[in-house]
Amino acid sequence: MTSAEIRDRFVHELTTIAPEADPATIAPAVPLRDQLDIDSFDFLNLVVALDKTLGVSIPESDYAKLATLDGAVAYLAARLSA
Numbered sequence: 373m374t375s376a377e378i379r380d381r382f383v384h385e386l387t388t389i390a391p392e393a394d395p396a397t398i399a400p401a402v403p404l405r406d407q408l409d410i411d412s413f414d415f416l417n418l419v420v421a422l423d424k425t426l427g428v429s430i431p432e433s434d435y436a437k438l439a440t441l442d443g444a445v446a447y448l449a450a451r452l453s454a
């Protein structure tokens, strides 16, 4: 899976959890919580959705790596290639 495909899947799951999010305005290096109105429960739902969609189990110790769009894509790409 390419980084672009991972980014698309991540943004799709993110906009499912935060429907008010406009994918075109998400800054890739700014923490998602600073840009969007998501709380801890929303973030946990995002992690669960990514696990189901991508088949990647994300340990709680790695949650911080999903803080930004770029960070999430890089982390997921590494996990998927492992």
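My numbering numbers the first residue of the sequence shown as 373 and each following residue consecutively. Glycine is no exception: its CB is placed at the ideal position from the N, C-alpha and C atoms.
For L408, there is no enclosing alpha helix (DSSP H), as DSSP marks it with neither H nor E.
Taking all protein chains in view, the Cβ of A444 is crowded by 16 or more other Cβ atoms within 10 Å, so the residue is classified as buried. For A399, the secondary structure class from DSSP, reduced to helix, strand or coil, is coil. For E377, the uninterrupted alpha helix (DSSP H) segment begins and ends at S375 to I389.
Between the C-alpha atoms of E432 and L448 there is a straight-line separation of about 14 Å. Distance from the Cα of R451 is smallest, within the candidate group A421, N417, S429 and A390, for S429. Taken atom to atom, the span from the alpha-carbon of D411 to that of A390 is near 10 Å. Taking a contact as a CB-CB distance under 8 Å, the pair T388 and A421 counts as one, their CB atoms being some 7 Å apart.
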